[in-house]
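Presented below is the structure to which this report refers.
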Amino acid sequence: MKVTSKKSNENKVILDIEVPRETVKKKIDEVYEKIAQEAKIPGYRPGKAPRHILEQYHSQAAREEAIKGLISDSYQEGIKSETVDVIDMPEISDVKLEGDVLTYKAQVEVRPDIKIKQYKGLKLTKSEVKIEPSEVEEYVKQLKQARSGEISDERLARSLGYKTKEEFHGCLNKQLFLKKENDQRAKLEKELIDQLVKNASFAVPASLVEKRLHELEHQAEHQMAEYGLPEDRVKERLKEFGPKFKTEAQQQVRVFLLLETIAKLESIKIDDHMINHVIEFLFAEAEWQ
71 MKVTSKKSNE NKVILDIEVP RETVKKKIDE VYEKIAQEAK IPGYRPGKAP RHILEQYHSQ
131 AAREEAIKGL ISDSYQEGIK SETVDVIDMP EISDVKLEGD VLTYKAQVEV RPDIKIKQYK
191 GLKLTKSEVK IEPSEVEEYV KQLKQARSGE ISDERLARSL GYKTKEEFHG CLNKQLFLKK
251 ENDQRAKLEK ELIDQLVKNA SFAVPASLVE KRLHELEHQA EHQMAEYGLP EDRVKERLKE
311 FGPKFKTEAQ QQVRVFLLLE TIAKLESIKI DDHMINHVIE FLFAEAEWQ
């Protein structure tokens, strides 16, 4: 089998594939053997009709079935031999079966070759997380206002299941601390990702963006339906938020591919936990200020 490949445009590669005569003839023979066992030919018992009779009745179907099988087999062999990292189904064109030789073109979308200028030693600033007494007092004030009435700290604490005001305030302090800590973590992750995006320029594969876009739209549609929004209103909202979803899908795919590239460079396992593991690695390698 002969295979050549060339880049057509961003993230696209065209494979020119030629399947030799002996392979084609073997596949056609296999197809006719299968047809012989299943076909009902007048005057012949199943499996007993000679080849030339089968060709009279099933030549077109046999040809199509053989081409289909040959393309499937040779395409897989072709992307392996050319080490093409395919991310979507191929577009098959120019299929020709002449003189028992099959030729065709397969255009495929491939994973981009991503070069990151820098991902170690990224500059990050982490501030100390503290909770001031005034923040606890403000939160307690908001809880009191939500209850629409004058109530002491002690009574509020007991109504929420705490034995004392001090225990209640201590618990609020921990909750506010965790929230601040999580907020800071999210902020640092965003700063980290923003620096990575600036350090690598590449075209995001359209098929991956389209797939992620459909997922975001489906999630939004399901959520709106659960809230009881009418079907026509759901469609309106999806159309309204379409551009926002598209931008979000592009960003999410870009970030995933960047983190996946780092995972491969640093031998981090590609699994459901890959994103968290890579971010932890980048935090460990960051230059903290």
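Position 287 (the sequence shown) corresponds to 357 in my numbering; numbering is contiguous.
C-beta atoms are modelled at their ideal positions from N, C-alpha and C, and glycine is treated no differently.
Values in this document were obtained by computation on a predicted structure and should not be read as measured data.
Q.
Within a Cβ cutoff of 6 Å, which residues of the same chain sit near Thr74, ignoring the five residues on either side of it in sequence?
A. Closer than 6 Å at the Cβ level, and outside the excluded window around Thr74, lie Asp86.
Is any beta-carbon of chain B found at less than 8 Å from that of Lys250? In the structure shown, chain B cannot be found, because there is only a single protein chain.
### Query
Which class does Ile332 belong to by DSSP, given the choice of helix, strand or coil?
Ile332: helix per DSSP, three-state reduction.
- prompt: According to DSSP, what are the bridge partners of Gln212?
  reply: In DSSP, Gln212 forms no bridge with anything.
> Would you call the CB atoms of Lys82 and Gln146 closer than 8 Å?
Replying inline: With contacts defined as CB atoms closer than 8 Å, Lys82 and Gln146 fail to qualify as a contacting pair.
Exercise for review: Could you check the C-alpha separation between Thr195 and Ser151 for me, to the nearest Å?
Suggested key: Thr195 and Ser151: Cα-Cα distance of roughly 47 Å.
**Item:** For Tyr232, three-class secondary structure by DSSP
**Value:** DSSP places Tyr232 in coil when its eight states are reduced to three.
- Glu259 versus Glu296: straight-line alpha-carbon distance, rounded: Those two C-alpha atoms are separated by around 31 Å.
- Whole-angstrom Cβ separation of Val54 and Val323, contact assumed at under 8 Å? No statement about residue 54 is possible, as the shown extent of the chain runs from 71 to 359 and does not include it.
Ordered list of beta strand (DSSP E) runs contained in the region 237 to 270, each at least 3 residues:
Listed in chain order, there is nothing to give.
Exercise for review: Would you kindly check if the distance between the Cβ of Ala136 and the Cβ of Val180 is under 8 Å?
Suggested key: Not in contact: Val180 and Ala136 (Cβ atoms no closer than 8 Å).
Any beta strand (DSSP E) of 3 or more consecutive residues that is wholly inside the region 141 to 193:
DSSP runs (the beta strand (DSSP E)) wholly in the region 141 to 193: 161 to 168 and 171 to 179.
- Query: Which first and last residues belong to the beta strand (DSSP E) in which Ile84 is found?
  - Reply: From DSSP, the beta strand (DSSP E) with Ile84 extends over Lys82 to Val89.
Query raised in the report: Do three or more CB pairs link the region 261 to 272 to the region 314 to 334 at distances below 8 Å?
Result: Touching, yes, given that three or more Cβ pairs across the two stretches are closer than 8 Å.
Determine the closest residue to Thr93 out of Ile345, Phe238 and Asp143, with distance taken between C-alpha atoms.
The option with the nearest alpha carbon to Thr93 is Asp143.
_Please return the same chain residues whose Cβ sits closer than 6 Å to the Cβ of Leu352, not counting the five positions on each side in sequence._
Excluding sequence neighbours, Leu352 sits near Leu262.
> Just how far apart, CA to CA, sit Arg282 and Leu192?
Replying inline: Just so you know, the alpha carbons of Arg282 and Leu192 end up roughly 28 Å apart.
- [ ] Kindly give me the distance between the Cβ atoms of Glu287 and Phe247, rounded to whole angstroms, as I take these residues to be in contact under 8 Å.
- [x] Going by Cβ atoms, the distance from Glu287 to Phe247 rounds to 37 Å, so no, they are not a contact pair.
Between the Cα of Cys241 and those of Tyr209, Lys138, Tyr127 and Ile184, spot the shortest distance and give me the residue it belongs to.
It is Tyr209 whose Cα lies nearest to the Cα of Cys241.
- Message: Along the chain, where does the alpha helix (DSSP H) containing Leu277 start, and where does it finish?
- Response: The question names Leu, but residue 277 in the sequence shown is Ser. Ser277 -> alpha helix (DSSP H) spans Ala276 to Glu296.
Under the three-state reduction of DSSP, which class applies to Val101: helix, strand or coil? If DSSP states are grouped into helix, strand and coil, Val101 belongs with the helices.
| said: Counting C-beta neighbours from all protein chains within 10 Å, is the total for Leu140 16 or more, i.e. buried, or is it exposed? | reply: Of the other Cβ atoms in all chains shown, 16 or more fall within 10 Å of the Cβ of Leu140; this residue is therefore buried.
Beta strand (DSSP E) segment containing Lys44, residue limits:
Nothing can be reported for residue 44, as the shown portion of the chain is limited to 71 through 359.
#### Entry: CA-to-CA distance, Glu220 to Lys339, given in whole angstroms
If you take the alpha carbons of Lys339 and Glu220, they lie about 56 Å apart.
request  = With DSSP as the reference, label Glu357 as helix, strand or coil.
outcome  = Glu357 falls in the strand class under three-state DSSP.
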